[in-house]
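Since the structure comes first, as structure tokens, the remarks are kept for the end.
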Amino acid sequence: MKRAGYEPAPLIIGLILGPTVETGLTQSLIIGNGNVYSLFMRPISGTILVIGILIIVYNLVGWGGSNESWRKDSGY
Numbered sequence: 869m870k871r872a873g874y875e876p877a878p879l880i881i882g883l884i885l886g887p888t889v890e891t892g893l894t895q896s897l898i899i900g901n902g903n904v905y906s907l908f909m910r911p912i913s914g915t916i917l918v919i920g921i922l923i924i925v926y927n928l929v930g931w932g933g934s935n936e937s938w939r940k941d942s943g944y
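Numbering-wise (the numbering used here), the sequence shown opens with residue 869 and increments by one.
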């Protein structure tokens with residue numbers, strides 16, 4: 869994995885926390901009678917969702933920085 873540029877730590881954390889998160893999501897959907905919207909009705913969950921979306925968009929678009937320094941460091 870390191871040869872491909874991936875760190876093993878996030879994979880291990882995902883493997884450990886994945887079943888717990890899946891169980892929590894299943895329990896939440898059961899409590900909400902299968903309504904996905906019920907997961908986002910609380911302000912805190914909506915805030916976390918918006919922050920998560922902003923982080924994903926930031927990583928995909930790359931606002932606020934030049935990629936030239938990354939290219940110089942990585943040899944591209």
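Just so you know, even glycine gets a beta-carbon here, dropped at the ideal spot from N, CA and C.
{"Check": "Over what stretch of residues does the alpha helix (DSSP H) that includes L815 continue unbroken?", "Outcome": "This structure gives no information on residue 815, because the portion of the chain shown stretches from 869 to 944."}
{"Check": "Report the three-state DSSP secondary structure of N901 (helix, strand or coil).", "Outcome": "coil"}
{"Check": "Assuming G902 contacts F908 under a Cβ cut-off of 8 Å, what Cβ separation, rounded to an integer in Å, is found between them?", "Outcome": "14 Å between Cβ atoms; not a contact."}
{"Check": "How big is the Cα-Cα spacing for P911 and L879?", "Outcome": "30 Å"}
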